[in-house]
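Those letters in the sequence shown? Residues 6 to 404, per this note's numbering, in order. Just so it is clear, CB atoms sit at the ideal spot from N, CA and C, and this is done for glycine as well. All of these numbers come straight from a predicted model, not from anything done at the bench. Following: one structure in structure tokens, then a few remarks.
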Amino acid sequence: MSSTLRYEIDVLSADGLKGKVWLYDDSLRIHVGKEVYVFDLEGRPIFIYYNDRLFVRGLSGEFVEKKWLSVRPHRRFLRRLRDDEEKRRIVEYTHWRLGTILNSVDEDEVTEVIDRVFDMNYWRLEVDADRFRKIYLPISILPPDQYLSLVLQPVIGCPYNKCSFCTFYRDRRFRIRSVDEFREHVAMVRDFMGRGVLIRKKVFLADANALIADTDLLYEYMDVALEYLDHDSIEGFYAFTDYFHKPKGIDELRKLRRKGLKRVYIGLESGSDDVLKILNKPGPSSKAVEYVKLFKKAGINVGVIVLIGAGGREYYDDHVQKTAEVLNMMPLDGRDIIYLSRLKVREESPYRYLSLKYGLTSLTMEEMDRQISDLTWKLKFDPPNSPVVAEYDIDEFVY
Ligand code: SF4
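Given below as structure tokens:
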């Protein structure tokens with residue numbers, strides 16, 4: 006669902022650079038020279054780009070700096086800002102810079118939003134982030150196409166929580182919220198987001214596997230969410246799921262699709278059951294194929310996540326061969342995504358211990374590049390209707 010442009014205004018900065026201010030029905034965007042600033046309609050910064058530096062700010066108050074170094078091989082400079090002083094300087098610079106750009110704008114509807122941007126100074130943003138942290142448990146990860154979604158948490162944590170490489174939900178016990186508790190959560194989220202909700206057109210049902218909830222309960226969650234949101238501005242529902250808990254039946258999936266479930270994301274990680282054993286992920290991977298077939302039959306699209314580097318050099322060939330075979334058995338098309346996520350072994354993750362036990366050698370960045378190209382080379386989908394294949398770097402996530 007695209008945004009509607011309401012105003013486009015030419016501006017000239019104090020230092021003589023030409024630019025434009027666009028007020029959309031969901032955001033304010035400012036472009037001057039090579040600089041770009043994007044805000045939600047509450048005045049929260051989302052993207053800040055100046056001096057060849059891109060900062061992405063999440064509702065949690067976190068900032069990530071990103072820069073493309075090369076597209077092929079895929080290399081990005083990524084830095085999570087740790088220093089509050091630096092964050093303060095970025096926000097203050099942005100406001101100062103906008104002051105030199107926006108003085109001549111006198112369209113009432115646009116100046117109203119600009120005033121909100123200036124009201125959201127660094128300290129107000131900190132209070133806002135603090136409020137966010139009280140409403141949400143940490144949003145540990147999302148698929149890359151969901152960073153600008155409205156996240157709701159009907160289900161807390163991961164019902165399995167034992168994959169050796171994953172530490173995303175080790176900080177919480179798994180539980181399913183009652184409808185009343187979820188309603189309270191949605192009401193708080195809606196109140197917190199204010200007009201900022203308009204830029205968030207997809208609803209992501211978190212945490213790791215909202216689909217584990219009973220279908221009727223999921224249906225109720227979606228009803229509750231829709232009660233608080235503008236139906237016309239919502240594009241659909243999205244969620245992570247797994248393939249090794251009891252799968253839903255085709256009728257249940259069709260029911261969820263009719264309610265608005267558009268895509269689910271499944272961590273396949275590897276097609277090799279030997280690699281899955283090292284990842285401590287229940288297999289067999291053939292179950293993932295069966296579940297994906299069911300989703301597609303029900304009209305629900307999928308994002309399949311593959312872990313590049315899993316099993317190290319010792320399982321390189323097996324991982325590539327079997328993963329390609331499994332992906333090729335899935336009826337994926339242009340509405341689906343294959344995400345390639347490079348294995349990042351956290352200090353505290355059990356994968357570190359298991360890789361010692363199995364005598365694994367980690368892949369270098371260049372070996373991972375090669376594994377990506379070896380794997381994609383083996384995929385047999387028919388263009389132009391083949392699934393999107395994209396990298397998924399967990400370090401760039403911010404919400
Ligand atoms: S990878 Fe997925 S299923 Fe495994 S522990 Fe993490 S969230 Fe749970």
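(message) When you compare the CB positions of P388 and N285, do they come within less than 8 Å of one another, or not?
(response) On the sequence shown, position 383 is the one that residue 388 refers to. On the sequence shown, position 280 is the one that residue 285 refers to. No, they are not a contact pair.
(request) Return yes when at least one heavy atom of the ligand SAH lies under 7 Å from the C-beta of D247, else no. (result) Within the structure as shown, the ligand SAH is missing, the only ligands being the ligand SF4.
(request) Indicate the three-state DSSP secondary structure (helix, strand or coil) for T9 in the structure shown. (result) For the purposes of this step, residue 9 is identified with residue 4 of the sequence shown, where counting begins at 1. Coil at T9, not helix or strand.
(message) I'd like the span of the beta strand (DSSP E) that includes K25, first residue to last.
(response) Indexing the sequence shown from 1 puts residue 25 at position 20. K25 -> beta strand (DSSP E) spans K23 to Y29.
(message) Please tell me whether, using a cut-off of 7 Å, the distance from the CB of Y315 to the nearest non-hydrogen atom of the ligand SF4 is below it.
(response) The residue labelled residue 315 in the question sits at position 310 within the sequence shown. Residue 315 is actually Ala in this sequence, not Tyr. Incorrect: A315 has no Cβ contact closer than 7 Å to the ligand SF4.
(message) Between the region 89-104 and the region 123-141, can you find at least three pairs of beta-carbon atoms closer than 8 Å?
(response) yes
(request) Compute the Euclidean distance between the alpha carbons of S183 and L222, then round it to the nearest angstrom. (result) In the sequence shown, residue 183 corresponds to position 178, counting from 1. In the sequence shown, residue 222 corresponds to position 217, counting from 1. Taking the straight line joining both Cα atoms gives about 9 Å.
(request) Ignore the nearest five residues each way along the sequence and tell me which others in S169's own chain have a CB closer than 6 Å to its CB. (result) Counted from its first residue, the sequence shown places residue 169 at position 164. Around S169: L284, N285, P355, Y356 and L359.
(request) Could you tell me the distance, in whole angstroms, from the CA atom of L258 to the CA atom of A213? (result) Along the sequence shown, one-based indexing puts residue 258 at 253. Along the sequence shown, one-based indexing puts residue 213 at 208. For L258 and A213, the distance between alpha carbons rounds to 18 Å.
(request) Tell whether a beta-carbon distance below 8 Å holds between S32 and I204. (result) Translated into positions along the sequence shown, residue 32 becomes position 27. Translated into positions along the sequence shown, residue 204 becomes position 199. A contact, by the Cβ cut-off of 8 Å.
(message) Just to check my reading of the structure: G316 and S291 have Cβ atoms closer than 8 Å, yes? What is that Cβ distance to the nearest angstrom?
(response) As a position in the sequence shown, residue 316 is number 311, starting the count at 1. As a position in the sequence shown, residue 291 is number 286, starting the count at 1. No, G316 and S291 are not in contact; Cβ-Cβ is about 18 Å, not under 8 Å.
(request) Please go through the same chain and pick out, in chain order, the residues whose beta-carbon is closer than 6 Å to the beta-carbon of F173, but skip the five residues on each side of it. (result) The count along the sequence shown starts at 1 and reaches residue 173 at position 168. Same-chain partners within the cutoff: S145 and I146.
(request) Give a yes or no on whether the C-beta atoms belonging to A230 and V202 are separated by under 8 Å. (result) In the sequence shown, the residue the question calls residue 230 occupies position 225. In the sequence shown, the residue the question calls residue 202 occupies position 197. No, Cβ-Cβ distance for A230 and V202 is not below 8 Å.
(message) Under 7 Å: does the beta carbon of K301 sit that close to some heavy atom of the ligand SF4?
(response) Numbered from 1 along the sequence shown, position 296 holds the residue referred to as residue 301. Not under cutoff, so the answer is no.
(message) Just to confirm before moving on: does the CB-CB distance between R80 and E401 stay below 8 Å?
(response) Counting from 1 along the sequence shown, the entry for residue 80 is found at position 75. Counting from 1 along the sequence shown, the entry for residue 401 is found at position 396. No, Cβ-Cβ distance for R80 and E401 is not below 8 Å.
(request) Assign K349 to one of two classes, buried (16 or more other C-beta atoms within 10 Å of its C-beta) or exposed (fewer than that). (result) Numbered from 1 along the sequence shown, position 344 holds the residue referred to as residue 349. So K349 counts as exposed.
(request) Output the boundary residues of the beta strand (DSSP E) element that contains H36. (result) Counting from 1 along the sequence shown, the entry for residue 36 is found at position 31. Its beta strand (DSSP E) spans residues S32 to V37.
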